[in-house]
Amino acid sequence: MIIVTDLSKRYRTVHALKDVNLHVKPGELFAYLGPNGAGKSTTIRILTGLTQPTAGTVTLNGFDLKNSSIKSRQQCGLVPQSINLDQELSVYENLTIHGLLFRMTREERDHKIDELLDYVDLSAREQSLVKELSGGMKRRLMIARALMHSPSVLFLDEPTVGLDAGMRRKIWALIKKIQQKGTTIFLTTHYIEEAEFLADRVAFLDKGAIVVVDTPANLMATLGTWALDRLIEDKMEPLYFNEREDANQYIATHKESFTLRRVNLEDAFLSMTGKKVK
Amino acid sequence: MIHSLLAVYYREMLIMRRRLTRLIPSWSVSPLLYLIAFGYAMGKNVAIDGHSYMEFLIPGLIAMNSMTQSFAIASEINIARFYWHIFEEIQAAPVSDFSYVAGEVLAGMTRALLSTCVILILGLLFGVVLSCNLMFWLGVLLNSFVFASLAVGLAMLVKSHGDQVLLTSFVITPMAFLGGTFFPLENFPSWGQTLIHLLPLTHAAKAIRAASLGSTPPLFSYTVLAVTGSIFFAISVLCVKRAKD
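Order-wise, the sequence lines are chains A and B.
Everything in the first sequence is counted per our numbering, starting at 1 for the first residue and increasing by one.
Everything in the second sequence is counted per our numbering, starting at 1001 for the first residue and increasing by one.
If you want it as C-alpha cells, here you go:
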C-alpha cells in the first residue's frame, strides 16, 4: 500500500510536483499518466528514495519513507526508465549483486534467479553478458531483477519505452502475471493503450499536479463510447457519442471526412487537460 | 551493514576481474616508463642517502601509483553513475551511505594493492628488491585509504565525467610530481618543504620509502594518513547524502 500526502518537489525555479495526494491499494495496478515533463519520474524517484521531496510524506506498507528509509526500500522494487544494468557482467551476476544488496542468502539468491529467469523467459541466457542481450531481453531482466527480493510494491517507470509492439505486449503479460501474484504495481507511462490495458486505476498528471484519479472505464465513460474524429483547420477535433447509431447519423448528415472509433483514455486526458499525453 | 558493503565491493571486484587482462598492462606502462627514463637512464649514477636512485624511486612510484589507482575508483563510480545509472540501483536498495562508501573505498584500496604488486614485480626486473614488511603494506593501505575516500567524495560532488578529469588534473597530477616521488624533499627551500608536507602523498612516500629501505618508520606520517583518510571518509558519507538531489 502506498500513501502519499501533500507531496511537492521544487528544483530551483521549477515546481516539478505540486501537493500530490495518492492512496494506492494493496494488489492494485495503478497507472500514472502524463506527458513528458509532467512529473511522473520525479514521483517515482521520490517514492523509491532516490530523490528527496521538498515537502510531504510517503508511507510504503506502513513504513515512513523519511524515518524508516531502509525498511521502506526493502518493500519496493524499481524498474527505472533507462536501462541500468551492469553491461559488462552476466545476467546471473547482475541478479546476484541485487540479491546481495537486499541481504539475500546464497540459497535464496540461486533459487530466486532460477525461478525468475524462467518467469521472464531468459533461462537460456543466464551466463550471457548483458551487453549481448536485445533491448526487450534487457527490459525483462530489469523486471526480474526488481522482483529478486520479492517486493510487495513494484515501481515501473515507462517499462516498455523504445520496444516494438510485440515485445510491449509480452511485457504487459508479464506485468499482469506479477500483479496476479499479489504485488502492488505503480506504473508510469505515456502509452495510453498501456494504461488502458493494464491499470485498475489511473491518475492523470499535468504540470506536476494530479488532475483526476479513477478507473479507465469511468474516465472514458465521462465522454461517451464512440468518438468521431474530424479535421478542422489542420487539427483533429473529436466528437463524442454514447451510441454508434448517433455517430453514424451525424456522419450521414455532414459532408466532411470522419473517422469513427471507440473513446480511449487519450480522449479523457485531452478533455481534462486540453493536451495530448505524448 | 556488512552485507551491503560486501555487495558494493563484490560488484566492483567482478567488473575488475572482467577487465584484469587490460588493467594489468595499463598499471605497468607508466611505472615502467618512469623506471626506464628516470631510474635507468637519468639516475644511473645518482645515489641518495646511500641508496641507488632506482631504490629511491620505486617506493615513491608505489606511493604515487597506489594514490592514482585508488583514486581511479572515482572514474568507475562516475561511469556507473552518469552512463550506466547503476548508482540508482544501489540507492534504491537498503544500503546505508556508510556501507556504500566503505564498499567503494575497499574496492579502490584493492586496486591500489594489486597495482603495487605490479610495480614490485617491475622493480625485480630492474634488480631492486624492497623489504615488503608490515609497515610497508600499512603505508600502502593507508595511502590508498586516503585517496579512495577522497575519490568517492569527489565522485559524488562532480556533475559530469568531464569534471572528474579536471579534478584529476588539478589535484592528483601536481601531487604526483611534488609529493616526494622523484626527488628528496630536502632539495626544496624550507617554505616549500612546509607546503609539501601538507600533501598526504608526501607522508605516504616517506612512510613507504622508510619501511621498504629498512629505515625507522615515521609514525607521524602514518598518523597523518590515518587521520586524513578518516576525515575524507566521513566527508564522503555526507557527500553521498548530498548526491540525492
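C-beta: ideal position from N, C-alpha, C; glycine also.
Remember, it's a predicted structure, so these values are computed and weren't measured experimentally.
DSSP state of residue i mapped onto helix, strand, coil
i, result
"methionine 1001/B", "coil"
"histidine 1161/B", "helix"
"alanine 279/A", "This structure cannot speak to residue 279/A, because chain A is shown only from 1 to 278."
"histidine 23/A", "strand"
"tyrosine 11/A", "strand"
"threonine 290/A", "Missing from the structure shown is residue 290/A; chain A here goes from 1 to 278 and no further."
"arginine 261/A", "strand"
"histidine 1203/B", "helix"
"methionine 236/A", "strand"
"lysine 18/A", "strand"
"lysine 278/A", "Low per-residue confidence applies at lysine 278/A: pLDDT is 48, beneath 50, and the placement is therefore not dependable, though the value from the model is reported in the following sentence. Three-state result, lysine 278/A: coil."
"aspartate 214/A", "strand"
"alanine 1047/B", "strand"
"aspartate 86/A", "coil"
"serine 60/A", "A small correction: the amino acid at residue 60/A is leucine; serine does not occupy that position in the sequence shown. Strand."
"alanine 209/A", "strand"
"serine 271/A", "helix"
"cysteine 1132/B", "coil"
"glycine 49/A", "coil"
"glutamate 256/A", "coil"
"glycine 1147/B", "The sequence given here places phenylalanine at residue 1147/B; glycine does not occur at that position. In the structure shown, phenylalanine 1147/B sits in a helix (DSSP, three-state: H, G or I)."
"arginine 1018/B", "helix"
"glutamate 266/A", "helix"
"serine 1169/B", "helix"
"serine 1215/B", "coil"
"lysine 176/A", "helix"
"serine 1026/B", "helix"
"asparagine 67/A", "coil"
"phenylalanine 1038/B", "helix"
"proline 1031/B", "helix"
Proximity below 8 Å, CB of residue i to CB of residue j
i, j, result
"cysteine 76/A", "phenylalanine 204/A", "no"
"isoleucine 143/A", "valine 79/A", "yes"
"phenylalanine 269/A", "leucine 33/A", "yes"
"threonine 1181/B", "alanine 1205/B", "yes"
"leucine 1213/B", "threonine 1202/B", "no"
"threonine 184/A", "methionine 1/A", "yes"
"isoleucine 299/A", "valine 24/A", "What the structure shows of chain A is the stretch from 1 to 278, and residue 299/A is not part of that stretch, so it cannot be assessed."
"lysine 9/A", "isoleucine 44/A", "no"
"valine 120/A", "leucine 141/A", "yes"
"alanine 227/A", "arginine 262/A", "yes"
"phenylalanine 186/A", "valine 153/A", "yes"
"asparagine 94/A", "arginine 139/A", "no"
First and last residue of the uninterrupted beta strand (DSSP E) at residue i
i, result
"cysteine 76/A", "76-79"
"valine 1227/B", "First-last for valine 1227/B: 1219-1243, but that is the alpha helix (DSSP H), not the beta strand (DSSP E)."
"alanine 124/A", "First-last for alanine 124/A: undefined, no H or E at that position."
Check: residue i C-beta below 7 Å from any heavy atom of the ligand COA
i, result
"leucine 223/A", "As presented, the structure is devoid of all ligands, the ligand COA included, so that no description of it is given."
Boundaries of the alpha helix (DSSP H) in which residue i is found, first to last residue
i, result
"glutamate 93/A", "91-101"
"aspartate 226/A", "At residue 226/A the sequence reads tryptophan, which differs from the aspartate that was named. Tryptophan 226/A -> not in any alpha helix (DSSP H); beta strand (DSSP E) instead, spanning 226-232."
"glycine 1060/B", "1053-1071"
"valine 1128/B", "From DSSP, valine 1128/B is part of no alpha helix (DSSP H); its letter is neither H nor E."
"glycine 136/A", "135-147"
"glycine 1192/B", "1190-1196"
"tyrosine 119/A", "106-119"
"threonine 1173/B", "1173-1178"
"isoleucine 1086/B", "1086-1091"
Counterpart residues of residue i in DSSP-defined beta bridges
i, result
"tyrosine 32/A", "Thr188/A, Ala203/A"
"alanine 55/A", "Ser8/A"
"valine 153/A", "Cys76/A, Thr184/A"
"phenylalanine 1098/B", "Paired residues: none, contrary to the question."
"phenylalanine 241/A", "Trp226/A"
"isoleucine 336/A", "Nothing in the structure corresponds to residue 336/A, since chain A is present only between 1 and 278."
Residues of the stretch 1147-1175 of chain B whose Cβ lies closer than 8 Å to any Cβ of chain A, in chain order: When CB distances to chain A are screened at a threshold of 8 Å, not a single residue of the stretch 1147-1175 of chain B falls below it.
Chain A contacts from the stretch 1084-1103 of chain B (Cβ-Cβ distance under 8 Å): Going along the stretch 1084-1103 of chain B in chain order, one finds Trp1084, His1085, Ile1086, Glu1088, Glu1089, Ile1090, Gln1091, Ala1092, Ala1093, Pro1094, Val1095, Ser1096 with a Cβ nearer than 8 Å to chain A.
Near-chain A residues of the stretch 1011-1030 of chain B - C-beta to any C-beta below 8 Å: Result list: Arg1011, Leu1014, Ile1015, Arg1018, Arg1019.
Chain-ordered residues of the stretch 99-113 of chain A with a beta carbon less than 8 Å from chain B: Listed in sequence order: Leu100, Leu101, Phe102, Arg103.
Interface residues of the stretch 37-70 of chain A facing chain B [CB-CB below 7 Å]: Taking 7 Å as the upper bound on Cβ-Cβ separation, chain B lies near residues Thr48, Gly49, Leu50, Thr51, Gln52, Ile70 of the stretch 37-70 of chain A.
Chain-ordered residues of the stretch 72-88 of chain A with a beta carbon less than 7 Å from chain B: Taken in chain order, the members of the stretch 72-88 of chain A whose beta-carbon sits within less than 7 Å of a beta-carbon on chain B are Arg73, Gln74, Leu78, Pro80, Ser82, Asn84, Asp86, Gln87, Glu88.
Interface positions of the stretch 158-184 of chain A facing chain B (Cβ-Cβ less than 7 Å), listed along the chain: Sequence-ordered contacts of the stretch 158-184 of chain A with chain B are nonexistent [C-beta pairs closer than 7 Å].
Interface positions of the stretch 1059-1075 of chain B facing chain A (Cβ-Cβ less than 7 Å), listed along the chain: Within the stretch 1059-1075 of chain B, no residue qualifies.
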